[in-house]
Every structure is written in C-alpha cells, then in structure tokens.
Amino acid sequence: MSAKEMSKRHHGLTPGADSCQNCHDPHGNGQPYYLYKSAHPPFKNGKCNACHKGRGQALPRADMSAGSVCFKCHNRAEFQRPVVHEPVAECKNCHNMHTARYPGLLKAKAPELCLRCHDNLKVKQGKNIHQPVAAGQCLKCHAAHSASHKGLLVDDVASVCSSCHKMADYAVQHAPFKHGKCLSCHTAHGGTPQMLKSPPAVLCQGCHKLSSVKKKHKFSLGAGDCLSCHNPHGGKSPSLLRKFLHPPFKKGCAVCHQKNKPLNTALCLSCHRKIGRYYFVTHNHLTDNARGNACTTCHSPHAADDKRLLRSPVRVLCESCHQDTVTRHQSAEYRHKKMADCLTCHAAHGGRSPAMLKGNGITICTRCHTSQGKFSHPVGKGVIDHRNGRPITCITCHDPKGTNYRYNLVMDGKEALCVQCHNY
C-alpha cells in the first residue's frame, strides 16, 4: 500500500511503521480491517474530531488530563463518588484511546492491569488466595472509577462478603460478625488459612485478655486454640460454643488434661477402642502428627459444628492434605461425577484395600455401577495383571479420580490400553 493510500485510509494521517498493532490484530480476528474488537465508537466510526481538533499530520493529541475530553460522553457521576480511584485523573493509564485487545478498551485484563500499580498484593496473598482474587475478578468487590465506600468497595463490607458467603442466622452473634466487620479478623485478598489476619489465639487475644479467659475457664489455656471450642461468628448461647461437644469436654478439662497425662493418640483410643484396630491394618490413616496425636489432625478434641467433631467439611478436610488428587480430578477431561464426599468410597481411618477403599477394586465400584458388574473381560482373584502380580479389577483400567480418556480409562482404549496385557 502506497503512503498516499495509507494516509487516505487513515483520514489524512500517516501512521508510524511501528504503530499498526496499536489498532490492528496482526493475526486477524474476523473484524473489519482486523481492528481489535474493543474499539472506541468515535474511532470506529471515523469521527476523529469528536476528540481531536484539526486535520492531517497536524492533528493534535486529545487532552485526556482529568478526563476533560472523555467527560463529554462519559457520565461524570461515575467518577465523582466520595472515594475516587487515583488513576481516574488520567484515563489513558488504564484505557487505550482507539482500540484494545480487552473489553472496555483496557490495556490489559484484570488482575494484570490492577497489579501494575497494586503490586504489593502479590506479596500479601500468600498460599491461601481469596477465590475472586485467584480468578482475577477484582471488579467483583471493587469499583473501577469511584465508590461510596472505603477501598473502592462496590458496597459496604458486610454486603460485599455476604454476596458470596452465606451469613448464618445465629441466635447469638459475635460482635464483629453482627456489625459486619469482617475485616476485623479476615484479610480480603489472601494469607493464612481462613484468611485470618493472624493465628486464632493471637487474634482473639486482641480483644479477649488471656487473664480473664483463664479465670473463667479455671484452667491454664497456654497459647490456646479458641476455635477448637468456639464458633467465631455465633452460636446458640453467649459462650458461642460450637454445636456438638465432645463428652469429656462437657465434664471438664481435667478429664483429659492432667499433669502427667500425654495428649497423644493413645489418650483418644482409651475411649475410642474400636478405632484402635486401624493401627494394625495395612493401609491406615493413624500416623501421629507433630503434636503426637493423629486424631486431632482431622477432629477437634473439644467441640465442632459437625457431629463427628470434624474440623472442616469432609472434602475440605481431605483436600488440605490430598491437594494433588483434587488438582488431578479438577483438570481431567473425564472424571467421576459423584465425588462430593470422599467417604463414599474411602474409609476415613484405614482398611485392608489400597487407597483405603471400602472394598476391593470391584465391589467398591459395583455398589453403584450394578449393570457393569458382569461383562466379557475376566476380572477378579484368579485373573492376574502380569505387570504387578495383582488381580485385575475395575481400577486396573479405570481411574475414578479422572483421566483424559473416555470412560475414565487410564490409556487410550482403542489400542494402547489393551496391548499392555495383550501383546500381538
């Protein structure tokens, strides 16, 4: 294309050689002239004078300071609420003037665009990241230009949080929860588990002095794990005790806490004798943790909102250790549909089957897959997989956690899987 033709197509302008990609997609995108899909209407319609004065190469840059040109079309009220986003004074800090790869003429998508200025959030997020942050949904909580609430929140803190987090209707509510002060205890973007500002005991002692707590409980709590007994949001009584109490806890701390009595797994098994048999099975979960008590890894020794005194819902509890399994399930193209509760298939404390399954690799599957229980391929005790010397079962060929092959097959079922055993 000649320089004259180029100038004609650009309303008298001759774009620089390196400026084509500012407006055009070099790979094509189905749009006229390969313009990026997000295009400023005056530019798209060839109305340069809507923003610029003059013509040809003398065309001056539009005055975008404090949005002076932009406010001709864009509602000023959007930018004039009590809390204003600092870059609003310079629209071009976030937006392209003509076209952009991203909706809203943004120079980048969230959170990349936001983190160009708010780079301190990368450090603060830590290991546990708030889901909207992880998904790059900054605008789910924050307004882009201005807001009526501190932190550019789209609503007050309690309303923003409750839009995702269901607020239980407790008979008695903890004061911060009652008054919608979620950020008194939690960080907004990420950090520690449950996104707490500090460990529970430290956090609680910010308001509840340990000396008065010791006097009330008539027992030295040490560092204390307040959440082991109390629901931080609310409960049925002013003490905010959790819904289900461990019977010894009801009788008083001294039932378990004695001067020369170690708080180990053996202490729990002195009452829960039936669970003790899992110590001696091939695949068990009862490995002592750093505190010397395997039970308290999953169970609260005092109280919980789950009748089994579990510290969290089953799936959340399992995910805290078995993250690799969860990731594999979530990323697999084909996966087992009924995985709401791990205990559907797995025994919590242990068993004689691999992976602590509640049966062998056949019976555990045929409890649900009844019609697939009988078929032409031989399986069972007398049919041995020559690769490992174990009986062939459903999970020899199918992986219930998920794979990238139809029917959850561990390999391509057209040939690759079969020739593992059937060499022609």
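First residue of the sequence shown? That's -11 in this note's numbering, and the numbers climb one at a time after it.
Don't be surprised by glycine CBs; every beta carbon is placed ideally from N, CA and C.
So, with DSSP's three-state summary, where would you put residue i?
i: Val243; result: helix
i: Ser308; result: coil
i: Val76; result: helix
i: Ser288; result: coil
i: Val71; result: strand
i: Lys270; result: Residue identity check: residue 270 is Thr in the sequence provided, not Lys. Coil at Thr270, not helix or strand.
i: His386; result: strand
i: Leu397; result: strand
i: Ala123; result: coil
i: Ala65; result: helix
i: Ala(-9); result: helix
9 Å is my cut-off, CB to CB: does residue i come that close to chain D?
i: Asn396; result: Protein chains in the displayed structure number just one, and chain D is not present.
Have a look at the DSSP bridge pairing and note the partners of residue i.
i: His12; result: Leu23
i: Arg378; result: Asp373
i: His83; result: Leu94
i: Asn116; result: Gly179
i: Ser134; result: Val72
i: Thr275; result: Note: Thr275 sits in no beta bridge, so no partner.
i: Ala38; result: In DSSP, Ala38 forms no bridge with anything.
i: Ala404; result: Note: Ala404 sits in no beta bridge, so no partner.
i: Ala88; result: Ser26
Is the Cβ-Cβ distance between residue i and residue j less than 9 Å?
i: His83; j: Ala131; result: no
i: Thr270; j: Gly347; result: no
i: Leu229; j: His221; result: no
i: Ala159; j: Lys238; result: no
i: Gly139; j: Val71; result: yes
i: Lys251; j: Cys244; result: Reading the sequence as shown, one finds Leu at residue 251 and not Lys. In this structure, Cys244 lies closer than 9 Å to Leu251 by Cβ.
i: Val367; j: Ile352; result: no
i: Pro289; j: Leu297; result: yes
i: Glu321; j: Val314; result: no
i: Ser300; j: Gly390; result: no
i: Asp329; j: Arg303; result: yes
i: Leu94; j: Ser26; result: yes
i: Pro99; j: Cys126; result: yes
i: Cys129; j: Ala176; result: yes
i: Gln119; j: Cys152; result: yes
Exposed or buried, what is residue i when buried is set at 16 or more other beta-carbons lying within 10 Å of its beta-carbon?
i: Phe165; result: buried
i: Ile383; result: buried
i: Phe67; result: buried
i: Thr358; result: exposed
i: His374; result: exposed
i: Met85; result: buried
i: Asn281; result: buried
i: Val145; result: buried
i: Pro226; result: exposed
i: Ile372; result: exposed
i: Cys36; result: buried
i: Thr275; result: exposed
i: Tyr21; result: exposed
i: Ser364; result: exposed
i: Leu191; result: buried
i: Leu331; result: exposed
task = Would you mind listing the beta strand (DSSP E) stretches within the stretch 217 to 266 that are 3+ residues and don't spill past its ends, in chain order?
result = List check, beta strand (DSSP E) in window: nothing returned.
task = Would you mind listing the alpha helix (DSSP H) stretches within the stretch 140 to 188 that are 4+ residues and don't spill past its ends, in chain order?
result = Taking only runs of at least 4 residues, the alpha helix (DSSP H) segments lying wholly in the stretch 140 to 188 are 145 to 150 and 163 to 166.
request  = Please specify which runs of the alpha helix (DSSP H), each continuous and at least 4 residues long, are wholly inside the stretch 298 to 368, giving them in chain order.
outcome  = 302 to 307, 311 to 319 and 351 to 354
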